[in-house]
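Written below as C-alpha cells is the structure these notes are about.
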Amino acid sequence: MSSDNNLKFGRNVITVEEARASLREHAALMVTESIPLASSFGRSLAVDVHAEHPVPHFRRSGVDGYAVRSEDIRQAGWDTPVTLTVIERIPSGTVPQYRVGSGNASRIMTGAPVPDGADTVVMLEMTDSLTDKGQLNFVKVKKALPAGSNITPIAGEIANGDFLLERGSLIGPGEAALLATFGYNEVPVYRKPQVAIFSTGSELLNVQDDLVPGRIRNSNGYMLAAQVEAAGGLAQLMPPLSDDVKQVRAALEEALGQADLVVTSGGVSVGDYDVLVDVFGRFEGDLLFNKVAMRPGTPTSGALWKGRLLLALSGNPGASFVGFELFVKPLIKVMLGCSTPYPEPVSASLDADYDKASAYPRYVRGTKHVVNGCLWARPAGIDKSSIMVSIKDADCLIWLPAGGQGFQRGDRVLIYSI
Ligand code: AMP
Ligand code: MG
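Structural data, given as C-alpha cells:
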C-alpha cells in the first residue's frame, strides 16, 4: 500500500480519552490581557485571586435597628421593655462617632458599622421609639438578644488571604461580585483563542449563493463558528475550500501561521476526494491521530504544525457537531486555563429503543427531560451523522458503549450535557 493508502486504510485507532490527552499535551496556554471588569463576563480569569482584606472589614449590622449592649437588655420582654437613651444615628456608609455605654443605644441601618461598646443589634420591629419634642431620644427594647445577634464580625464572611478564585475560572455573576469587592477595576484574563474554521468540499456553496443542482450551502462553518463562540473562542470563519489539495494545504498553512487553532470539517475519510487525508500525506507537521474509537466521526484527525493544533472533523454535520463538543470545546477551555475541561457524565434513562449496535462507543445527540424527578434522554431526531436538522434540539450527548445488541427504552445510560 502507498503511504496515502496507509493514511486511509491502515489507521491506528485510539480512544476519545487518548485523543483528548494528546491534544491537551500540545495545547498552548493563551497570553493574558487586562480588560475592564464590566466587560469580563464569560471570560477566563488569568490569575488566582486571594482576599486582600477581610470581608466585612468592619463589624457590620445585618438589620435596621438599634445597636446596644446585650447585658442592658437581658431583662427585656414584650411586656417588660427596657428603655435606652439613643445617642446617635448611623446611616450605612458612615462611621459611628460615639461608643455605646451602659444604658445607651445607637440607631443603626443595615450594612452600617456597629459602634464600639455595642455587641448586639435589635431589629426595629422589636422596639418602640419614644419621641421627645420631635427628637428621637429614647427607645424601648422589647426582646432580649444574646451577644453577637445581627452582627457580622470582621472577616465573618472572608478572612484576609483566603483563596477565592482559581486561575482559569469562568467569570460569572459570583466571580464578578468577588472581583468587584476586591477592587479589580481591570481584570487579567486569557485572550480568546482565534479559531480559524475551514469547511472543505467541492459541493459547498457560500450562504449567499443560489442553490444549484448537486451542491449545498456550507452550514458546518456557521455551526462550528457558533460552537467556537459558545466555548469562549473567537471564530474566524473562512470561505469554503474545494477538494483541491494544493489550495487546502496553502490555506491551512497560512491559517496555522496566524490563528491559535484551526478546525476543519470534511475530507477526513476514505473517499477519493478526501482532501485532508492527502494534506496529511505530505504534511510538514505531525499527525497526532487519524482514527478515534467513536461514532460518529471515527476518522476525526488531530495534527500539530509549528506548535499550533489542527483538528480535522468529519464533514457530516452530526459528526462535525459531536467532534467539536468532544475535542475542540475542551481544547479551547484548556487554552483558557481551565483545569476541568471535560464534562462529567450523569446517569439517565434512555427514553427510546436504540437498535444500532456499534463497534465503537457512540455519542448520540440527545434531548434530556425530567419526569417525576428522574432524568431521561432520547435521541434528538434521526440519529444519522448526515442529519443536520436535529442539531438544534440536542442538549446532551448520550453515550452508548460499544458492542451489544442495541438498547431498550428504560436502559440506564450516561449523558454529557453540552
Ligand atoms: P466528507 O466528510 O467531506 O465526506 O463530508 C460528508 C458529507 O457531509 C458531505 O457529502 C456533505 O453532504 C456534508 N458536508 C460536508 N461539509 C459540509 C458543510 N460544510 N456543510 C454542510 N454539509 C457538509
Ligand atoms: Mg468532502
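So the sequence shown is numbered by my numbering: it starts at 8 and just counts up by one.
All residues carry an ideal CB built from backbone N, CA and C; glycine is no exception.
Bear in mind the structure is a predicted one, so any value in this text is a computation, not a measurement.
Is it the case that the Cβ atoms of ILE339 and ARG372 are separated by a distance below 8 Å? For ILE339 and ARG372, no; Cβs fall outside 8 Å.
If we call anything under 8 Å between Cβ atoms a contact, is ALA7 one with ILE425? Nothing can be reported for residue 7: it is not among the residues displayed for the chain, which extend from 8 to 425.
Please list the segments of the beta strand (DSSP E) lying wholly inside the region 279-309, counting only runs of 3 or more residues, in order along the chain. DSSP runs (the beta strand (DSSP E)) wholly in the region 279-309: 293-296.
From this set, VAL420, VAL54, PRO200, which residue's C-alpha is nearest GLU193's C-alpha? Selected option, being the one with the closest Cα: VAL54.
What does the alpha-carbon distance come out to for the pair THR87 and PRO103? In a straight line, the C-alpha of THR87 is about 29 Å away from that of PRO103.
Exposed or buried, which one is LYS199 when buried takes at least 16 other CB atoms within 10 Å? If you draw a 10 Å sphere on the C-beta of LYS199, you find 16 or more other C-beta atoms in it, and that means buried.
Where ARG302 falls, given that 16 or more other Cβ within 10 Å makes a residue buried: Buried: at least 16 other Cβ atoms inside 10 Å.
Going along the chain, which unbroken runs of the alpha helix (DSSP H) with 4 or more residues stay wholly within the region 375-411? Listed in chain order, nothing qualifies, since the region 375-411 has no complete alpha helix (DSSP H) run of 4 or more residues.
Enumerate in chain order the residues of its own chain whose CB-to-CB distance from SER9 is below 6 Å, with the five nearest sequence positions on each side excluded. Because the pLDDT of SER9 is 48, which lies under 50, any placement of that residue in the model is unreliable, and the number read from its coordinates should be weighed accordingly. Excluding positions up to five away in sequence, the list is empty.
For ARG372, three-class secondary structure by DSSP: Strand, per DSSP.
How many Å lie between VAL335 and PHE296 at the Cα? One C-alpha to the other measures close to 14 Å.
Just curious, the beta strand (DSSP E) that ARG442 is in, first and last residue? For residue 442 there is no data in the structure shown, the boundaries of the chain being 8 and 425.
To which residues does DSSP link SER41 through a beta bridge? Residue pairing by DSSP places SER41 opposite PRO195 in a beta bridge.
Cβ-heavy atom distance between ASP281 and the ligand AMP below 7 Å? Yes.
Could you give the DSSP three-state label for LYS147: helix, strand or coil? The three-state secondary structure of LYS147, taken from DSSP, is strand.
Can you tell me the Cβ-Cβ gap for MET133 and VAL121, rounded? I've got them flagged as a contact below 8 Å. About 17 Å separates the beta carbon of MET133 from that of VAL121, a gap too long to meet the 8 Å contact definition.
Suppose you measure from the CA of THR39 to the CA of LEU316; what does that come to, to the nearest Å? Roughly 19 Å separates the two Cα atoms.
Just the C-alpha distance for VAL23 and ALA58, rounded to the nearest angstrom, thanks. Rounded to the nearest angstrom, the two C-alpha atoms are 39 Å apart.
Could you tell me which residues DSSP puts in a beta bridge with ASP135? In DSSP, ASP135 forms a bridge with LYS147.
Quick check on PHE170: buried or exposed, where buried means 16 or more other Cβ atoms within 10 Å of its Cβ? Under this definition PHE170 is an exposed residue.
Measuring from the CB of ASN213, is there a heavy atom of the ligand AMP at a distance below 7 Å? Result no, Cβ not under 7 Å from the ligand AMP.
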